[in-house]
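Take a look at the structure below.
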Ligand code: SF4
């Protein structure tokens, strides 16, 4: 049995960078505490916990002798300030793609313009971005919510980094139709999710079975499963190699493997090795 990996899989750039920054701090002997779960993968969180990384829910929990970590989603400027005041040091692992959205929002607000961010208002990334333009920004999910917006002043329209391009552009069009003022639209969607889906789709048509490694609650992993199922009926979402049922692989000549953006390489390697052992 041949085991084939998709061209793009696993950790996205921002998550990989955040984990590397945390490991560097641990290596320097710091006591590391992340504000919110660093990564949506139980196995990787357990590994990091083993290395001494713990999670806090609010800046007030950090101590003077500890290092606070801002995860890839970023935080509001107030939260960042609070962490800087309370912690011994701060590791800012905000993904540069998210920093770009924060800066764009902040700049437009400084020019007294409205900022419309297309995304989920309760997502941590959106809470952080909103904090950069608190009196000027509105976060809306899609075009169905534009009736909630006030009369717009030279609006800037940007997006949460992980939303669908169609949702963003449809909403931007609806905003253009709503106002006579100049509308600036900047697509700030990151390609990591799309790249993983396209690579999985391309491979799924060539294999007899497909394993997607990722958390059952990880939305990008669940989407990868749906994409693979369209082309390959025997597609399975698994968290570890222990969930592979050899019975499913009877008669299978080629098996595809991909992984969600929060799945670490060591976990993927274990699954691939296990599959190769079964072949
Ligand atoms: S999905 Fe994109 S924006 Fe989000 S952390 Fe990964 S690389 Fe950064």
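Numbering (our numbering), first residue to last: 6 to 284. Backbone N, C-alpha and C define an ideal beta-carbon position, used for all residues, glycine too.
Query: Bridge-paired residues (DSSP) for residue 18; Result: According to DSSP, which records beta bridges pairwise, residue 18 is partnered with nothing at all.
Query: Residue 19 Cβ short of 7 Å to the ligand SF4 heavy atom set; Result: yes
Query: Residue 159 (DSSP reduced to helix, strand or coil); Result: coil
Query: Rounded Cβ spacing between residue 130 and residue 78 (contact assumed at less than 8 Å); Result: 4 Å
Query: Check: residue 173 C-beta below 7 Å from any heavy atom of the ligand SF4; Result: no
Query: Nearest-angstrom Cα separation, counted from residue 184 out to residue 38; Result: 45 Å
Query: Closer than 7 Å: residue 102 CB and nearest the ligand SF4 heavy atom; Result: yes
Query: DSSP three-state assignment for residue 98, whether helix, strand or coil; Result: coil
Query: The ligand SF4 heavy atom lying under 7 Å from the CB of residue 60; Result: no
Query: Limits of the unbroken alpha helix (DSSP H) element including residue 58; Result: Here residue 58 belongs to no alpha helix (DSSP H), and DSSP marks it neither H nor E.
Query: Distance cut-off 7 Å: residue 98 Cβ against heavy atoms of the ligand SF4; Result: no
Query: Through-space distance from residue 93 to residue 1, alpha-carbon basis; Result: Because the chain spans 6 through 284 in this model, residue 1 falls outside it and cannot be assessed.
Query: Length of the line joining the Cα atoms of residue 157 and residue 21; Result: 38 Å
Query: contact_flag[the region 156-171, the region 114-126] where n(CB pairs < 8 Å) is 3 or more; Result: yes
Query: Through-space distance from residue 272 to residue 64, alpha-carbon basis; Result: 31 Å
Query: The region 218-235 touching the region 185-192, judged by at least three CB pairs closer than 8 Å; Result: no
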